[in-house]
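Asker: Please find one structure pasted underneath; my questions will follow.
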Amino acid sequence: MIDDAKCPCGHPNQSVLHMINDCSLANRLRSDFIAAKRRAISDNERLKITATFYEQLAMIVDMHRSNLHRQMIYDTMTHMIDSTWQCKQMKI
Numbered sequence: 001m002i003d004d005a006k007c008p009c010g011h012p013n014q015s016v017l018h019m020i021n022d023c024s025l026a027n028r029l030r031s032d033f034i035a036a037k038r039r040a041i042s043d044n045e046r047l048k049i050t051a052t053f054y055e056q057l058a059m060i061v062d063m064h065r066s067n068l069h070r071q072m073i074y075d076t077m078t079h080m081i082d083s084t085w086q087c088k089q090m091k092i
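The following block contains the structure:
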């Protein structure tokens with residue numbers, strides 16, 4: 001589990017408000033969302049666009065969290081292999 005509040009973009013706190021308003025990782029998504037919302041004709045269409053935006057933000061967060069988890073697993077496995085190799089070299 002990762003207990004780091006830091007955003008992968010470098011911001012010290014990956015909050016919901018940060019992701020919606022400021023995160024550089026979501027700049028393109030945010031820009032497309034604003035443009036689509038301006039073009040929307042009805043409240044129902046704007047609601048669907050907003051829901052899609054939030055869903056896609058969640059996918060961005062999940063993708064980066066998964067990458068962090070993969071890196072942690074890789075680092076742990078590398079450390080275990082190195083430790084095992086060192087033990088064999090020392091004939092422990």
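Under the UniProt record's numbering, the sequence shown has 44 at position 44, and the numbering climbs by one with no breaks. The beta-carbon is built from N, C-alpha and C at its ideal position, and this holds for glycine as well.
Sorted by chain position, which residues of the same chain lie with C-beta nearer than 7 Å to Q56's C-beta, five sequence neighbours on each side aside?
Answerer: Cβ neighbours of Q56 beyond the five flanking positions: L29.
Asker: Whole angstroms is fine: what's the gap from K6's alpha carbon to N13's?
Answerer: Whole-angstrom Cα-Cα distance: 5 Å.
Asker: Should L47 be labelled buried (16 or more other beta-carbon atoms within 10 Å of its own) or exposed?
Answerer: It is exposed - the Cβ of L47 has fewer than 16 other Cβ atoms within 10 Å.
Asker: A26 and I60: beta carbons closer than 8 Å?
Answerer: Contact: yes.
Asker: Suppose the cutoff is 6 Å on Cβ atoms and the five residues either side in sequence are ignored; what does the same chain contact list for H11 look like?
Answerer: Contacts found: H18.
Asker: Going residue by residue through the region 8-53, where are the continuous alpha helix (DSSP H) segments of at least 4 residues, counting only ones entirely within it?
Answerer: DSSP runs (the alpha helix (DSSP H)) wholly in the region 8-53: 16-21, 27-39.
Asker: Helix or strand or just coil, what does DSSP make of A58?
Answerer: Helix, per DSSP.
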